[in-house]
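To start, the structure under review is shown below, and the notes come after it.
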Amino acid sequence: MYSYEERLRAVKLYLTLGKRCKVTIQQLGYPTKNALKSWHEEFERRGELKAVYARSKPKYSDEQRNVAVEHWASHGRCFSFTLKALGYPCRQKLTAWVRERYPEARRYVTGKAGRPTASLSSKRAAVYELCTRTGSAQEVAGKLDVDRVTLYNWKNQLLGREAPASMKREKPSPAVADRNALEQQVETLRRDIRNLQLEHDLLKKANDLLKKDLGVDLQLLSNREKTMLVDALKEEYGLTGLLERLGLARSSYFYHRSRVRVA
C-alpha cells in the first residue's frame, strides 16, 4: 500500500514528464502502470487524491481459497480436477494459492523435471481429449495441466505421426493417390479414437462411481470394481470389449455381479 505522499509524488512526476508511464516508473521505482493511470484518473476527476488508498475487495474470499486448496490436496493434487469440480478460480491463481500453502508442491507445477511421469491411462485420456476437441490444442493442454508439445508427443506415441491430431480436420489429402489406402488409414484412426474414448469413459466412471483419481491404472482395480464399471458402460461398448480391456474373466464378472445382486 502506498501512502498519500507517494501517490501524489507519482502523479505530479507523471504530469511533469508528459504522462509517460515507463519513464515515471523507472525514476520512482514504483508503482505499476495500471496503478499510476488509476491515480492520475482520480486526480483529474477529483482534483485531488483520497487520503486513504483503499484496495478493491478481493474476488475470492478466504473461505473460497481454503476450499479450493483443500480440494486440490485431498483429490490427488490434480489442478484440472479441482478447477473442473469447483468452477473457480483460473489455473494461475490456484497454483499461487497452493504454492503459498504448500511450498513443497512447487515440484508438481513447475518445470518438466519435477512433473510426475504420466501413466499410460492418463496419456490415452489426454490424446482422446486432443483428437475430439472443438477448440484449440492449447486449451486442451491448459485443461490437462501439460504443455502443448507434450500433448502432441503422446499423440505420436499412441497413434503415430501420420494420424491427424483432430477429427474435425479429417479430410482426404489430394497427395494421396490410393483411395483404398486412405480409407484404411481413416478407419484405423476411427478405431484408435474409439479405443481412446473407451479409455476416457472408463476413467471417468472410475472417478464418478469409485472415487478414483482420473489417472488411476485400471488394471489395479479389484474385480468387484471392474464389474461395476462394466455394468455402467456395457450398453454402449458391449460386454466382450469391456471385459477384454479391463482384463476381467467372464466367469469372474458374473460371480461378482451375482454377489452385488444378492447384497
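Number 322 in the working numbering belongs to position 161 of the sequence shown; there are no gaps in the numbering. Just so it is clear, CB atoms sit at the ideal spot from N, CA and C, and this is done for glycine as well.
For residue i, the three-state DSSP class (helix, strand or coil)
i, result
"Lys194", "helix"
"Ala257", "helix"
"Leu305", "helix"
"Ser413", "helix"
"Asp378", "coil"
"Arg420", "helix"
"Ala324", "coil"
"Ala212", "coil"
"Tyr263", "coil"
"His361", "helix"
"Leu178", "coil"
"Thr349", "helix"
"Thr295", "coil"
"His236", "coil"
"Tyr249", "coil"
"Lys395", "helix"
"Tyr289", "helix"
"Tyr221", "coil"
"Gly402", "helix"
Cα-Cα separation, residue i to residue j
i, j, result
"Val391", "Leu403", "6 Å"
"Tyr165", "Ala212", "6 Å"
"Lys332", "Lys373", "In this prediction, Lys332 scores a pLDDT of 49, lower than 50, which makes its location untrustworthy; no coordinate-derived value is stated."
"Asn384", "Arg420", "12 Å"
"Asp353", "Leu320", "7 Å"
"Gly237", "Arg406", "24 Å"
"Phe240", "Leu247", "11 Å"
"Asn317", "Asp223", "43 Å"
"Glu261", "Ser235", "17 Å"
"Gln188", "Asp378", "57 Å"
"Tyr175", "Arg207", "17 Å"
"Gln253", "Tyr263", "15 Å"
Residue i versus the options, residue with shortest Cα-Cα distance
i, options, result
"Lys220", "Arg170, Trp200 and Pro250", "Pro250"
"His201", "Leu409, Arg170, Thr311 and Asn314", "Arg170"
"Glu360", "Gln346, Thr349 and Gln380", "Gln380"
"Ala393", "Gly408, Ala367, Ala410 and Val310", "Ala367"
"Thr293", "Ser222, Ala326 and Asp308", "Ala326"
"Gln346", "Gln358, Glu323, Tyr263 and Val230", "Glu323"
"Gly190", "Tyr163, Arg206, Leu363 and Glu205", "Tyr163"
"Lys395", "Asp378, Val259 and Leu363", "Leu363"
"Asn314", "Leu174, Ser412 and Lys284", "Lys284"
"Leu281", "Gly408, Gly376, Val172 and Glu386", "Gly376"
"Tyr398", "Thr256, Gln358 and Leu176", "Gln358"
"Lys365", "Glu203, Phe242 and Val230", "Phe242"
Neighbourhood of residue i by C-beta, 6 Å cutoff - its chain only, sequence neighbours within 5 removed
i, result
"Thr148", "Residue 148 falls outside the range modelled here, since the chain spans only 162 to 424, and no answer is possible."
"Gly296", "none"
"Lys173", "none"
"Trp258", "Arg226 and Val230"
Nonlocal neighbours in the same chain, by C-beta distance under 8 Å from residue i, ignoring five residues either side
i, result
"Val184", "Leu178"
"Lys198", "Cys182"
"Ile186", "Pro192, Thr193, Lys194 and Leu197"
"Leu312", "Ala287, Val288, Leu291, Ala298, Val301, Ala302 and Leu305"
Cβ shell of residue i (< 7 Å), same chain only, five flanking positions each side left out
i, result
"Leu244", "Arg252 and Leu255"
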